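Working notes, structure below.
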Amino acid sequence: LREYHIMLLVLQTGTLGVFCALDLFTFYIFWELVLIPMAIIIGIWGSDNRVYAAVKFFLYTLAGSVLMLVGIIALYFAHQNLTGGAFMTSANGVPYGGFDWMVLLKDAPQFDRTFQDLIFLAFAAAFAIKVPLFPLHTWLPDAHVQAPTAGSVVLAGTLLKLGGYGLLRFAVPLAPQGARDFAPLMIALALIAIIYGALVTLMQTDLKKLVAYSSVSHMGFVVLGIFIGTQQSVDGAVLQMVSHGLLTGGLFFCVGIVYERLHSREIAAMGGMALRMPIYAGLFTVLMLGSVGLPGLSGFIGEFLVFIGTFGKSPWLAAIASVVIIISAFYLMWMFQRVVWGPAKPSSAGFPDLHPWESVGLVTLVLLAVAMGVYAAPLFNVLQKPDATLITALTTNGTELLAWMRHFLP
54 LREYHIMLLV LQTGTLGVFC ALDLFTFYIF WELVLIPMAI IIGIWGSDNR
104 VYAAVKFFLY TLAGSVLMLV GIIALYFAHQ NLTGGAFMTS ANGVPYGGFD
154 WMVLLKDAPQ FDRTFQDLIF LAFAAAFAIK VPLFPLHTWL PDAHVQAPTA
204 GSVVLAGTLL KLGGYGLLRF AVPLAPQGAR DFAPLMIALA LIAIIYGALV
254 TLMQTDLKKL VAYSSVSHMG FVVLGIFIGT QQSVDGAVLQ MVSHGLLTGG
304 LFFCVGIVYE RLHSREIAAM GGMALRMPIY AGLFTVLMLG SVGLPGLSGF
354 IGEFLVFIGT FGKSPWLAAI ASVVIIISAF YLMWMFQRVV WGPAKPSSAG
404 FPDLHPWESV GLVTLVLLAV AMGVYAAPLF NVLQKPDATL ITALTTNGTE
454 LLAWMRHFLP
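Here our numbering = 1-based position in the sequence shown + 53.
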């Protein structure tokens, strides 16, 4: 148990380092640091096929990391070529140079188009695996299903967000022309992920796998919002990441609570939880409705802003994405009816309701989801300036990112 908590703390350290680092080499070290404890948590404390899931997670993420490392090294030498090998000096005399994000951000417009395309592909591949974006998503269901409850909560709540953060912080600003060139591809993959994730979720009988595939669909909205490139869509993408961490992390927590009592994740083995565990059922209801996108909860505001931003560029794209809301409502309601309101199973007789330590974690996530849905203004205020910088990188000469679509979409 002590080793398990040590791995969680190392994982937390790596995650915080990724979000704080403004030096690309430091960022890469923390990015790799996140990989090791997560693979160990899955491989040692996971379910029956834990070794397969851990190795698959490790290889997928490592492959993307190698590409990103090549991109970082290429940026370093490109900076050296621009400056003649000289290192710049900060106001207090500290030298900095080829790995500094602020320096490379100023260099980015000077890089030629082919170089930017390659840099964007190198970074985007690593981040798309972590999001995960179709077709690089296949590690996620295995990792979630085999991971222990805490591992799934952390994986959904924070680790998937590293991919979206990487796109926002590094891939787009450091290769703006590359981001513009590959925006159509990223938007197409995001739409496929949104629809594919929702359709595959309809066929799941394992509750944990159902929530895992729903993550593929929900995170597709994040990528769509980023590469649509409007103020509303980028704001929505960031808010969707925050909301997904709260709601999906909470849903995995709920799955773990039932699994601890029932020792099964099969939806057919569940039912009548509203009678057996009323407090649990009430909190589960809020999280489920938030994932559906009910107004007043955090899941609504992010997806709504992405739709608004997308509709302004292409109503047809927005219409395609909006169909998924109906599909999402269907599979979540289907799951909810069978788990919470279905006939009570004899196997669930005598189940205790939430323990105090379970209540603290679940209630906290629910309250944050409600607070974000009711009053998101503080988050909007924080987002305005960095989002404006990103949107500048995604547009050029006043030409909107999706102008190409007007040739073949009404």
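For glycine and all other residues, C-beta sits at the position ideal for the given N, C-alpha and C. None of the values given here were measured: they were computed from a predicted structure.
When DSSP assignments are scanned along the stretch 207-273, the uninterrupted stretches of alpha helix (DSSP H) that are 4 or more residues long and fall wholly within it turn out to be 213-219, 229-254. Separation of the CB atoms of Leu186 and Met91 is rounded to 19 Å, and the pair is thereby denied contact status at 8 Å. Look at the beta carbons and you see the stretch 348-357 not touching the stretch 311-328: under three pairs across the two are nearer than 8 Å.
Less than 8 Å separates the beta-carbon of Ile93 from that of Met60.
Counting along the chain, Arg55 sits inside the alpha helix (DSSP H) bounded by residues 55-73.
Note that the C-beta distance between Leu277 and Ala161 is not below 8 Å.
Cα atoms of Trp192 and Leu370: separation of roughly 28 Å, rounded to the nearest angstrom. For the pair Thr338 and Ser270, the Cα-to-Cα distance works out to about 20 Å. A buried status is given to Lys109, since no fewer than 16 other beta-carbon atoms sit within 10 Å of its beta-carbon. Asp288 sits in a helix when the DSSP states are folded into three classes. When C-alpha distances from Ser381 are compared across Met341, Asp288, Val392, Thr417, the shortest belongs to Met341. As DSSP reads the structure, Asp160 sits in no beta bridge.
Residue pairing for Glu319: DSSP places it in a beta bridge opposite Asp259. Annotated three-state conformation of Asp165 is coil, per DSSP. The beta carbon of Val63 lies closer than 6 Å to those of Pro90 in the same chain, with the five residues before and after it left out. When DSSP reads this structure, Asp76 sits in a beta bridge with Asp153. The stretch 242-250 makes no contact with the stretch 209-229: fewer than 3 CB pairs, one atom from each, lie closer than 8 Å. CA-CA distance, Leu336 to Phe80, rounds to 37 Å. Pairing Tyr57 with Met155, the inter-Cα distance amounts to about 37 Å. Looking at the backbone, the Cα of Ile361 and that of Arg222 are separated by about 23 Å. Of all alpha-carbon atoms in Ala178, Phe168, Ala131, the one lying nearest the alpha-carbon of Asp153 is that of Ala131.
The Cβ atoms of Val206 and Phe306 sit closer than 8 Å to each other.
With respect to the 8 Å criterion, Gly216 and Val184 are classified as neighbours on the basis of their beta carbons. Under a 10 Å Cβ-count criterion, Trp84 is classified as buried, with 16 or more other Cβ atoms of the shown protein chains found around its own Cβ. Fully contained in the stretch 306-362 are the following alpha helix (DSSP H) runs of length 4 or more, in chain order: 326-329, 331-345.
Under the 10 Å beta carbon count, Thr167 is surrounded by fewer than 16 other beta carbons and is classified as exposed. Taking C-beta separations shorter than 8 Å and ignoring five residues to either side along the sequence, the partners of His197 in its chain run Ser205, Leu208, Ala209, Lys261, Lys262, Val264, Ala265, Ser268, Phe305, following chain order.
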